[in-house]
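These notes concern the structure reproduced below.
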Amino acid sequence: MQSSRKVSALAVASVAALVLSGCAESKRDESGTSGSSGSTSNATMTFAAAGAPKTFDPFYATDGESFRPARQMFEGLVDFKPGTADLTPGLATSWNPSSDGKTWTFKLRTGVKFSDGTPFNADAVCKNFERMDKQNEAGQTAASYWNDNMGGFNKSKTDLYQGCTAKGEDSVELKLLRPTSKFPALLGLPAWSMQSPTALEKYKANDVKAQGDGITQSEYASKYPTGTGPFKFESYDVQNKTVTLVRNDDYHGEKAKVAKLVFKIIPDGTSRKQALLAGDVDGYDLPNPVDWASLKSAGMNLMVRPAFNILYLGLNPTKNPALKDLKVRQALYYAINRDQLVKTQLPEGATVATQWYPKTVDGYSDAVQQYKYDPEKAKSLLKEAGQSNLSIDLWYPSEVTRPYMPDPQKIFQAVKADWEKVGVKVNTVTKPWAGGYTDGTSNGASPAFSIGWTGDYNTPDNFLANFFIGKQMGVTSYPWGAQLQKEITDADSIVDAGQRTAAYKKLSEKLMKDYMPGLPISNSPPAIVFGKNISGIVASPLTAEDFSTAVKK
Amino acid sequence: MLRYIARRVIQMIGVLFALSLLIFVWLRMLPGGTVSAMLGERATPERAAQLRKTLGLDQPLPVQYWKFLTNAVRGDFGVSSQVAAGTDAMRVFLDRLPATIELTGFAIVLALVTAIPLGYLAAKRRGGIFDGLGILVSLVGVAVPVFFLAVILKQFFAVDWHLLPVAGRQSPELDATRVTGFFIFDGLITREYDAAWDAVKHLILPAIALATIPFAVIFRITRASVLDVLDEDFIRTAEAKGLKPGTIRTRHVLRNAMLPVVTTIGLQVGGLLTGAVLTETVFSIPGLGDAMKVGFETRDYSVVQVLIIMAALTYVLINLLVDIAYAYIDPRVRIR
């Protein structure tokens, strides 16, 4: 009897503890509330991140989880207009190319300071570029964005960057190896953010080393990232997996509305959703499309971004010689019911891709050859090509979701079913993303595979060069392979914007009619979601949301 | 005695050496690898080759292993490539150890303080409603997968009723002081009691999820063991002598029934560490289990290696201590 009383007492105590904890929770919520709507407040906004940032030095960053905090702390010479991929002034107020497109003059914003008090001026810009270009071996490996876009380091013969000259305090000249459509768009990427030269030097930002199977970070990257942005770095609590940024009260522009911005790392997707619904966090990125409806009905502020990505089926004729025949590739394209696939497997707002980059990219053509779903035509093309019994290995990644491919398995099944309807035998190959999938596809080991790309900035080159200059689609094994690669580089080098757009349109048409190296499938809009009490954020197609405009009620 | 200890230490080093070789080779035989995890869509064969060269992954496996071994002896297990990119792998282990100890410790205490009294009560009231209910709960406890239970608990207690937090170890806005990494302990010694209480709240749901299986097992063993003891003649004698029920319960029943329970607890503690991988994942607790999961998924060799080797080291060290204790107690062991 005595014991059962004790058990009851224990049960009562547990319930009381839970209720009390609930009260404490509500109290905490209230204290975080801010009455203000337009001006600055003392509120803290907590955003759930899917993973830990790999570095706080944006120059070496390659992943979205590192970019997001970096975008709040740093600014580049150019910026993107909120909600679009179009350029707008950043730390430079204007820019002009020389007539040969090889020298760019940037007029700089004045009166700007880094958060450590170092003035931002022409000298700081040149120190940044020199620092980026001067990398040791490990640094060159780690600096993916520079590597991919600039093509070399230390002003080498392949290095797009050839020098920086300060022309007074507020003007700077950048010299390039050749004209390129990337300029100045790529300067808006986090990798080209302006960082305090004082902090870079003091905390040895370039001191990266290969050690074991990883690359060590500098003291700067882990503790002292210093930019000109609306927020500044406060701490990274490794044991609690939270990153804290605070408002930069000396910011040159409009001050951040919230006082503190916390990134709470919650790798599990269901937990991120539950944390938002429970009010533990104020938002998270890339909600699973299957949750969109329930989040909206719970009153959450779900924002669908304009689609700036592409899902495509890569084809590689070196692994399946039948694919060398244009008729076979066209047949495989006619056989896919892309309207149906987009409607049933992709989120609301997704569209069928008719070419290799989304509609918002300069150089998109409305005159490309259309491949409407036509299984009969597919069959007859296969017959003409003598491939009525075609058999193909189709790869898909087993365990990831990507913004352009929310459920790889379902997309694979839809394509497989369509191909089988026209008599193509599909052999399934599935591998983990980092367990052989990206390795295999980038090395051209897969005859057909699902993959995609999210644009970094608004140029066709950012898409085309990534797809066709490499082994992934075995482009060089086609008779026209070298020609295509030359056409991509040539179009990129045209200085006149109008002529360049025309060249890309023509290239896009040729790609879909004559070359057809792979099969563009769809453009999917990824979403970002915030709680009911958060407003003021503009969703960006580049996932470059500015959190300083967020208002927490 | 010293010679015995020396022999055992040499054996232990041999075991660790063999294990390190096994893990090293096995990890590198898995498809994909660090390089593809680091590059993702940006992987071109040229970039991959460059990264492989920088990291020394283009060298023959024996050369790589020798480098790893000589560094590991000095305590350098390399740098994490993904789990905590750029951080020393040993540091990753040390940073995450407190979270796992806190969680598993909380879970085992929770299992013990509930399972033993309830198991005892169930046995005392054999065949009654309480007993039936207890058996049913323990059956469900064993049968329901930990992650499922975790999701359900979160849905009700955190999302629907807002009683407890959904994920993590502590609310970030508390800005708590870190001393040892054991958040509850840190909160107490720095007198930040709200931080300590907040850490406890974060542990309640994961600990319940993790404690379910040990609770069920310990409950059943306690119940069975107490039933056995209750049937013994000496209990009847004690009752006939008119001893107080409290004395019978603690001195006679529990003390005798606890032997198999204690053995079971030992086994359950080992199982808890496996359960922690799932629980830490579902509740986003940055502990060793979470590091192991992410490490495997992203082929973070340095982290996976250090985690397995440290686990093995702990295991062989405990064994060594137990054996030394045996040898100390029983001299025959030493000459075997």
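Residue numbers (this note's numbering), protein chains in the order written: chain X, 2 to 554; chain B, 127 to 462. In this text, a Cβ means the ideal position worked out from N, Cα and C, and glycines have one as well.
So is residue i in contact with chain B if we call contact Cβ pairs under 7 Å?
i, result
"E26 (chain X)", "Unreliable positioning characterises E26 (chain X) in this predicted model, as indicated by a pLDDT of 39, which lies under 50. A coordinate reading is not provided."
"E31 (chain X)", "Because the pLDDT at E31 (chain X) is just 37, under 50, the model does not fix this residue reliably, and the value given afterwards should be weighed accordingly. Answer no: the Cβ-Cβ gap between E31 (chain X) and chain B never drops below 7 Å."
"S272 (chain X)", "yes"
"N302 (chain X)", "no"
"I535 (chain X)", "no"
"V556 (chain X)", "Residue 556 (chain X) is absent from the model: chain X starts at 2 and stops at 554."
"L278 (chain X)", "yes"
"K183 (chain X)", "no"
"T243 (chain X)", "yes"
"T319 (chain X)", "no"
Does any CB atom of chain X fall closer than 7 Å to the CB of residue i?
i, result
"G295 (chain B)", "Gly is not the amino acid found at residue 295 (chain B); the sequence shown has Arg there. By this cut-off, R295 (chain B) is an interface position."
"L369 (chain B)", "no"
"A322 (chain B)", "no"
"A163 (chain B)", "yes"
"P298 (chain B)", "yes"
"S206 (chain B)", "yes"
"P157 (chain B)", "yes"
"A211 (chain B)", "yes"
"V292 (chain B)", "yes"
"A169 (chain B)", "yes"
"Y427 (chain B)", "yes"
Using 10 angstroms around the beta-carbon of residue i, count the other beta-carbons present and answer buried if the total reaches 16, otherwise exposed.
i, result
"S67 (chain X)", "buried"
"N155 (chain X)", "exposed"
"S206 (chain B)", "buried"
"I234 (chain B)", "buried"
"S95 (chain X)", "exposed"
"N428 (chain X)", "exposed"
"F274 (chain B)", "exposed"
"W152 (chain B)", "exposed"
"S549 (chain X)", "buried"
"L316 (chain X)", "buried"
"I444 (chain B)", "exposed"
"S38 (chain X)", "Residue placement at S38 (chain X) is poorly supported in this model, since its pLDDT is 44, which falls under 50; the coordinates still yield a value, given next. S38 (chain X) is exposed by the Cβ-count criterion."
Are the CB atoms of residue j and residue i within a distance shorter than 7 Å?
i, j, result
"P198 (chain X)", "K128 (chain X)", "yes"
"T142 (chain X)", "G152 (chain X)", "no"
"Y221 (chain X)", "I522 (chain X)", "no"
"N249 (chain X)", "S116 (chain X)", "yes"
"G532 (chain X)", "D283 (chain X)", "yes"
"P404 (chain X)", "P191 (chain X)", "no"
"K328 (chain X)", "P318 (chain X)", "no"
"S428 (chain B)", "F219 (chain B)", "no"
Taking the alpha helix (DSSP H) that residue i falls in, what are its first and last residues?
i, result
"Q394 (chain B)", "R381 to V408"
"Y319 (chain B)", "Y319 to L356"
"E66 (chain X)", "G65 to M74"
"K432 (chain X)", "It is not in any alpha helix (DSSP H) - K432 (chain X) instead sits in the beta strand (DSSP E) that spans K426 to K432."
"A233 (chain X)", "Reading off the sequence shown, one finds Lys at residue 233 (chain X), where the question assumed Ala. Here K233 (chain X) belongs to no alpha helix (DSSP H); instead the beta strand (DSSP E) covers F232 to D238."
How big is the Cα-Cα spacing for residue i and residue j?
i, j, result
"N241 (chain X)", "H328 (chain B)", "11 Å"
"R222 (chain B)", "A210 (chain B)", "11 Å"
"A93 (chain X)", "T104 (chain X)", "15 Å"
"V8 (chain X)", "V285 (chain B)", "With a pLDDT of 42 at V8 (chain X), under the threshold of 50, the modelled position of this residue cannot be trusted; read the value that follows with caution. So the two alpha carbons sit approximately 28 Å from each other."
"A379 (chain X)", "A545 (chain X)", "41 Å"
"G300 (chain X)", "P288 (chain X)", "15 Å"
"P120 (chain X)", "Y458 (chain X)", "28 Å"
"L165 (chain B)", "I337 (chain X)", "30 Å"
"K297 (chain X)", "T271 (chain X)", "16 Å"
"I266 (chain X)", "K55 (chain X)", "12 Å"
"T389 (chain B)", "A417 (chain B)", "29 Å"
"L512 (chain X)", "A503 (chain X)", "14 Å"
"R306 (chain X)", "F234 (chain X)", "27 Å"
"K370 (chain B)", "P268 (chain X)", "55 Å"
"S27 (chain X)", "T345 (chain X)", "In this prediction, S27 (chain X) has a pLDDT of 37, which is less than 50 and means its spatial position is unreliable; what the coordinates show is noted afterwards. Looking at the two C-alpha atoms, the distance is approximately 41 Å."
"D124 (chain X)", "Y225 (chain X)", "21 Å"
Kindly indicate the opening and closing residues of the beta strand (DSSP E) around residue i.
i, result
"L262 (chain X)", "K261 to I266"
"I529 (chain X)", "A528 to F531"
"W454 (chain X)", "A449 to T455"
"S392 (chain X)", "S392 to P398"
Give, in chain order, every residue of the stretch 388-417 of chain B whose Cβ lies closer than 8 Å to some Cβ of chain C. Absent from the structure: chain C. Protein chains present are X and B.
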